[in-house]
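Single-structure report; data block below.
Residue numbers (the working numbering): 283 to 1399.
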């Protein structure tokens, strides 16, 4: 019954032949004459890569901006990022990578490294290669379903489905559903699976038994991956570096990277609950200007192994709130805002689960529904009456107004002929729209009428298809493209392949909005064409949202073509395969595109209704603004990017796997900053705030000296300057700016500057950020000064940073949940201690293969020896205080320390902590009490092993803190009152067993053995790293000091003094010789060669001295 119709729906979906792509006929849908022609696209996707037997992917408009399109473009082999993972499909195998991060001054690259390869060997083969040979072909992949947050990829062999891959944004797992196939896992190109362990008898934190299979896979790189299978009977066999299921498997397999013990536990708990899709919804509170965005994950649970029905076998959504996903930094802000506003229910967080992505650190979030509270921005037609127009500045206002009005008439007469391509025409017509709105602002009605006529003439040709590069409706993918773009993929910046549509049409829609405000009748007469342009980039996510001209936009276009809902911003890439995934250059043009939609729809009759299209357009604008300011604008102490890159202040191009400080057309700072600021419109005030520009402008100010008066980028720098000092920018504009880009004009530039709040109230410009480190250390400033000489720790230079961790500079969360009882493979005490072995594949309590010993924190198993010793109460209560004179064994808290004869009996196994064979003595010691206390740290062996300075103090290390009462972690309350142990009755000197009191030297040799110097009368200290700070400083603390005193400690130090004097003398001579050589060579730099000059001998002598110095160093060492 285990395989009873478990994935019948998947199989049925797979077996139907994929139909030819075509969206519904636009003429039939609109039932009216089209404003421009409709025709199929000249480019088509491979039907072997994209189809869908249920028809859902064949007749729906294609999401050209979706994160997964690399899977269906060209050969379908370019990388796709699900965040935090990246995947690549090669010959039917899914290559999984948690990308490694490379940080350089102008780029952060998430490098793709195949760490695991997931595939299927087929039901009737022992290995995948055998299966391929028998079948005659490898697996093939095909995208069969998609939604706003996911895609499903089916893998088949000879048209027989074997498994489906669920690609869901933000999942900490890679999830595959198998249908009677044999899953395989292997490494790739030098990375191999070193070990695998199936965990048995695991329990959840609630105490319930784990009802699914759990494997831990260790790679040759040291990484540990968890494998979770719905069928607990699944067995994976490791042979030749490949894991293969021992029998055909029907069920769900999930793979996740376990970065540490805490992550491993969280991933185990949430493994049975997995997403298979996701939808986006929202609720608007128009009065409060707030929208709550909802991510609704479609959730399943591992099917019961004895499922008796297809519904049970497919799993269900019970306990859906246990679904574990990962949130990006801006998600975390929005989730917190929802909770702070009293939103119910609020999502539970799992901050211990942290993965690094190209957009910063992702953290764990529970719940099948995310609720993200977003503030909706104001949509203004004009700049605020501020700056020179503020109250009390009438003189400035009059002068500025006169200058702007005079310039307005000149600019209105410029550009009698507009560009032919969609992008440059869009920028030019948007420039005219700015002039139209400014003319109305200053009551220049004649100029406004002149500009309006020019705009309506130019726009009329585009809206009716009468222009040279006419618009065409593409019936293959569902979109509006240009005729030239349809013929040539590179024409119009890739418009025909759906590149940059929100840039091109955003400018056009801005112009249409301005005309609609001035002449509504013109827009009404071209309502269908306007609706198609709006729908191409702004189709609503909800079917019940009223759309302009009642056009059924969702049947004609994909939802918000370029908007990537999970990351919050848009990607400009279209139907081009890109190795870094989707990417976008101009974040500011994307913001202005959605600003244009909001302006155009603000004139709708129902604009103020919560369910109106205008409110949806405001939401598109709000999410774009937030993500642009989060992932493009790099502020000091960025939590998204490392200091080495964040010092650039602005990202040029942001992709799924990289961010760069450059553009597609150059890498000058003015290009990078400028393309992410233009055009300057009223919404720019919400994109570029003074606090950010004070930091960012420091990098642009030097560009002014390098830019000529005729360089169009000079004007952009001056407009940026105006945010900080408007009066200085006004003077700079008049004196040194003579040229403007096609989106701008002198009138618009002057009006922008004159309305800045900094007019008469200049702000200071901050210095550039340091590239070498960050004293804030990603929000944990204590680590920023915890390094040598008050510098930052190394972890402050790269994500995920230093905290949370066991470092002392990381704060302790007082609200942190207690360690679950099933932590560290069920060894709770080891988890509480935070021992590193909890992060390993074996845990802490596997017996040593030689000695059979286990750690003292292990409570579930105690195999100390092959024949366990019978515990009897020690005759002397002090005998076990330091484990029968074996302090290292005592520090390890081994069980054998609790009973005679201890851990190091001559007839038992020799443990690594034993320093020499011995038998317990019955006679008390007469050794000096101070020396004993120093060696055992007042009978606190763990503190002694840690070499704490307080061990030498009379009160020791374990006196309670007078304020908090807390004690050090090495303190054992049961050991404080125990009297000193008796010394061993052994013929060997005492210093052999204690290494003259230097416990660290006892394990300083190879494989944890004692150093040879421990067996000499002189001992090892001072001079070695294992020596304690106080060793040899006053001659007290061990028998070795007495031995050294008897041997003449002063003589032993003499060679060191001679060596030091010789080294200093040679060093001075070397520096002097080098300086003389350099001086002589510098003096003769214009003379003939000095091959035979006497001074050449100086150089030879210097070489001899250097060689001699190194020989001396080798000898003295």
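Here a beta-carbon is modelled for each residue, glycine too, at the ideal position from N, C-alpha and C.
On a predicted model such as this, the values are computed, not experimentally measured, just so you know.
Exposed or buried, which one is residue i when buried takes at least 16 other CB atoms within 10 Å?
| i | result |
| --- | --- |
| residue 666 | exposed |
| residue 841 | buried |
| residue 1353 | exposed |
| residue 1104 | buried |
| residue 1141 | exposed |
| residue 440 | exposed |
| residue 1109 | buried |
| residue 314 | exposed |
| residue 996 | buried |
| residue 477 | exposed |
| residue 1210 | With a pLDDT of 43 at residue 1210, under the threshold of 50, the modelled position of this residue cannot be trusted; read the value that follows with caution. That one is exposed. |
| residue 523 | exposed |
| residue 364 | buried |
| residue 1263 | Summary for residue 1263: the model assigns pLDDT 46, below 50, so the residue's position carries little reliability, and this model does not support an answer. |
| residue 1097 | exposed |
Compare the beta carbon distance of residue i and residue j with 8 angstroms and say whether it is the shorter of the two.
| i | j | result |
| --- | --- | --- |
| residue 765 | residue 651 | no |
| residue 907 | residue 573 | no |
| residue 851 | residue 869 | yes |
| residue 839 | residue 818 | yes |
| residue 425 | residue 354 | yes |
| residue 915 | residue 876 | no |
| residue 1403 | residue 1239 | Here the chain comprises residues numbered 283 to 1399, so residue 1403 is not present and cannot be evaluated. |
| residue 879 | residue 797 | no |
| residue 349 | residue 846 | yes |
| residue 544 | residue 634 | yes |
| residue 448 | residue 362 | no |
Roughly how many angstroms separate the alpha carbons of residue i and residue j, rounded to a whole number?
| i | j | result |
| --- | --- | --- |
| residue 1114 | residue 1089 | 16 angstroms |
| residue 659 | residue 963 | 14 angstroms |
| residue 944 | residue 395 | 25 angstroms |
| residue 1361 | residue 1388 | 19 angstroms |
| residue 392 | residue 1308 | 40 angstroms |
| residue 320 | residue 746 | 13 angstroms |
| residue 1400 | residue 862 | There is simply no residue 1400 to check, as the chain begins at 283 and stops at 1399 in what is shown. |
| residue 703 | residue 716 | 20 angstroms |
| residue 1161 | residue 1221 | Only weak support is given to the placement of residue 1161: the predicted model assigns it a pLDDT of 40, under 50, and the question is left unresolved by the model. |
| residue 540 | residue 1004 | 50 angstroms |
| residue 918 | residue 1047 | 13 angstroms |
| residue 755 | residue 343 | 12 angstroms |
| residue 693 | residue 780 | 33 angstroms |
| residue 719 | residue 377 | 54 angstroms |
Could you give the DSSP three-state label for residue i: helix, strand or coil?
| i | result |
| --- | --- |
| residue 583 | strand |
| residue 642 | strand |
| residue 859 | coil |
| residue 650 | coil |
| residue 932 | strand |
| residue 909 | helix |
| residue 392 | strand |
| residue 671 | helix |
| residue 1332 | Residue confidence for residue 1332 is low, a pLDDT of 40 falling below 50, so the modelled location carries little weight; the figure read from the coordinates is stated next. Reduced to three states, the DSSP call for residue 1332 is helix. |
| residue 567 | strand |
| residue 1469 | With the chain covering only 283 through 1399, there is no way to say anything about residue 1469. |
| residue 848 | coil |
| residue 1250 | coil |
| residue 877 | helix |
| residue 792 | helix |
Runs of beta strand (DSSP E) lying entirely within the stretch 496-565, each at least 3 residues, in chain order: 506-511, 518-521, 524-527, 531-540
Inside the stretch 409-464 only - beta strand (DSSP E) runs reaching at least 3 residues: 422-428, 432-439, 442-450, 456-463
Inside the stretch 1011-1086 only - alpha helix (DSSP H) runs reaching at least 4 residues: 1028-1036
In chain order, each alpha helix (DSSP H) run of at least 4 residues that lies wholly inside the stretch 702-741: 704-723
Whole alpha helix (DSSP H) elements within the stretch 817-842, 4-residue minimum: 835-838
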